[in-house]
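Numbered per our numbering, the sequence shown spans residues 11 to 597.
Notes for the one structure printed next.
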Amino acid sequence: MHGDIFIHDMATIMLVAGIVTLIFHRFKQPVVLGYLAAGIIIGPYTAPFVLIHDKQTISILAELGVVFLMFSLGMEFSLKKIAKVGAIAFITAICETSLMIAIGYNLGHYFGWSQMNCIFLGAMMAISSTTIIVKALGELGLKQHKFAQLIFGILIVEDILAIAIIALLSGIATTGSIQSDDIFDTVGQLSLFIIVTLTIGLLTIPKLLEYVAKFNSHETMLISVLGLCFGFCLMVLALNYSIALGAFIIGAIIAEARPLHLIEKLIEPLRDMFCAIFFVTIGMMFNPSILISNFSVIIIISITLIVGKILGNTIGAFVSGEKAGTSFKVGMGLAQIGEFSFIIAALGASLKVTSDFLYPIAIAVSAITTLTTPYLINLADPLASFIRAKAPRKMIGLSHYYTRWLGDLHPRGDSAMIVKMIAKIVAQVIVNCALVMAVFMAGAYLADHLNKGLLARIGIILDVQIHKSVITSCAILLSLPFLIAAYRKLKALGMIFSEILIHESWLGKYTYQGRRVIFETLPVAAIIGIMSLIFSVSHHVLPQDTYLIPIIVAMLGIAYLCRNPFIRLQSWLQIRLFSVIDRKSVV
């Protein structure tokens, strides 16, 4: 019976994984490696007889492991953390990730691999392992050190980049080619999707979970969270994005809920079980014969990865203003790959665009770099002291001068407040414009499906131009609160720029008139540009000019007459959004 086979397979996985991880705990090695070792032991390439019979069911459970792994990583992600990590983490992560993708891609070509293998190798080498690094720093008692906090910030940014990389790889694997236009389209659509889903999700889901928490039922809370998680993943799959993206985003949204600690406590057992199955399944795909035949390749990739990540992170942190010693510690702590590399390798294998040898190579490289991580972290201080002692004094002096010079460039006092204010206004404008874009994209979807679907079923067939006019009118009407908010923010931005750009000593008594030109012209020009872009994207659903012009005139009138209610609505939404982001979670 199928049920008996499933129980047999689960018992085998859990028993072997339990025994192996006990051994790994005894020798203070990462538990992830224990799961991989358990998978190798019971895998079809190692065991002398068949231990796992229903591989398809186990693979489905492993997919659940991906969901729970990414969901947990999302819950560790926080918008507040992003604000705290600052420019250093962003610059370092982008520098290191770009460097490793280029190194991996060219290394694959050096080995004579196919184009897709090279692309996936670069992506696999780009992202460090959050779970392994956090565990290693915790066991070494270094979590509170400055370089460790910077590492955590870089890992947050890398997680975001990894999601973007997975989305890009899915598109590249489907089309089979790399086009710059396709990349920009994918990144743009992904950015729009993340902004809109985060905004809407933060306005609704934390409030919903607070309501569920009032019942004081752990069971109700767990089922509600799982429903949100899998429901959101289903929506993401319908939009042709990866399930990993959906799990990560819904986790990031739930991270802002008050009962976060309770949710983490409830999810933890499920996460541990399904993640164990995921890593064991990865180990089962490991073919020792491929390891033997590609031993030199694995060693070269491992050494290149360690050296490349140390250099990339060290240079990135130093260039962005961190001291040389701290930058070097950051580089030594991030020299490994882990869970995201497995997900990327699994993506290539599932889409059948990479060779069979790439998956085992990823596992072997991850195992080697994971084992070296604690030693590299411990070696960071003595090695930094050695380099400092041997380096030319002029070079050391130059590095100190550069760090101080870059620090002096950072705005302070009133200038820092102005920069923060400008950044906040720009972020608010981007969010409002993204919501407008989402409304028009939804309108485009309805225009394509409503007339041919629902209306046709009930026997109503509208004239094409009337149909488009109704959709466009509704889209503009729904967008008015966000467009008015964007206009007001742009006007505030124009006032700031006018104060900065036009000094009273230049125009004398005409200073106000000169400044007014800027803060009156900038928002109007920006809104016209934004709407032109939106109309160009959704041009196929817009009615003819004879219909469109009256609609725009009518909507301008509505905007003028109803501006105060629209402003109050958008202000209420904005206050609610910020209150969710700024508040603290409770048990």
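For glycine and all other residues, C-beta sits at the position ideal for the given N, C-alpha and C.
Model, not experiment: these values are computed from the prediction.
- Taking all protein chains shown into account, MET447 has 16 or more neighbouring C-beta atoms within 10 Å of its C-beta and is therefore buried.
- When the beta-carbon positions are compared, ASN442 and ALA496 come within less than 8 Å of each other.
- When C-beta atoms of the region 280 to 288 are compared with those of the region 79 to 86, three or more pairs fall below 8 Å, so the two segments count as touching.
- Straight-line measurement puts the Cα of GLU332 at about 7 Å from the Cα of ILE98.
- In the structure shown, the three-state DSSP call for ASN116 is helix.
- When the beta-carbon positions are compared, ALA355 and PHE130 come within less than 8 Å of each other.
- The region 49 to 57 makes contact with the region 292 to 307, as at least three CB pairs between them are under 8 Å.
- Burial check for ASN323: the Cβ neighbour count within 10 Å reaches 16 or more, so the residue is buried.
- Shown here, SER252 sits in coil according to DSSP, grouped into three states, outside any helix or strand.
- Scanning its chain for C-beta atoms nearer than 7 Å, with the 5 sequence neighbours on each side dropped, one finds around GLU168 the residues ALA103, THR107, ILE137 and SER138, in chain order.
- Taking a contact to require three or more Cβ pairs closer than 8 Å, the region 19 to 28 and the region 53 to 70 qualify as touching.
- Only exposed fits ARG414, as fewer than 16 other CB atoms lie within 10 angstroms of its CB.
- If you check the CB distance, LEU43 and ILE387 do not come in under 8 Å.
- In summary, ALA254 is buried, with 16 or more beta-carbon neighbours lying within 10 Å of its beta-carbon over all protein chains present.
- Put simply, the backbone Cα of LYS501 is about 23 Å away from that of GLY518.
- Taking 3 residues as the minimum length, the region 226 to 302 contains no beta strand (DSSP E) run wholly inside it.
- Under the three-pair Cβ rule at 8 Å, the region 245 to 262 does not count as touching the region 332 to 349.
- The three-state reading of DSSP puts TRP516 in helix, counting H, G and I together.
- In the displayed model, SER180 falls within a helix according to three-state DSSP.
- In this structure, ILE113 is the residue among LEU147, ILE113, ILE142 and GLN125 with its C-alpha nearest to the C-alpha of GLY132.
- In this structure GLN66 is exposed. Its beta-carbon is surrounded by fewer than 16 other beta-carbon atoms within 10 angstroms.
- One thing to note: LEU587 has its Cβ no nearer than 8 Å to the Cβ of THR141.
- Only exposed fits LYS38, as fewer than 16 other CB atoms lie within 10 angstroms of its CB.
- Between ALA569 and ILE494, the CB-CB gap stays under 8 Å.
- Between the alpha carbons of SER508 and ARG525 lies a distance of about 5 Å.
- Straight through space, the alpha carbons of MET110 and ALA327 are spaced by roughly 15 Å.
- DSSP, read as helix, strand or coil, puts GLY151 in coil.
- Using a 10 angstroms sphere on the CB of TRP123, the tally of other CB atoms reaches 16 or more, which defines it as buried.
- About 5 Å separates the beta carbon of ILE320 from that of ALA345, a gap short enough to meet the 8 Å contact definition.
- With respect to TYR557, GLN475 sits close: the two C-beta atoms are nearer than 8 Å.
- Under the three-state reduction of DSSP, ASN388 is assigned to helix.
- For the 8 Å CB-CB criterion, ALA267 and GLU220 form a contact.
- Relative to ALA444, the option among ARG578, GLY341, ALA223 and LEU200 whose CA is nearest is LEU200.
- Around the CB of GLN580, 16 or more other CB atoms lie within 10 Å, so the residue is classed as buried.
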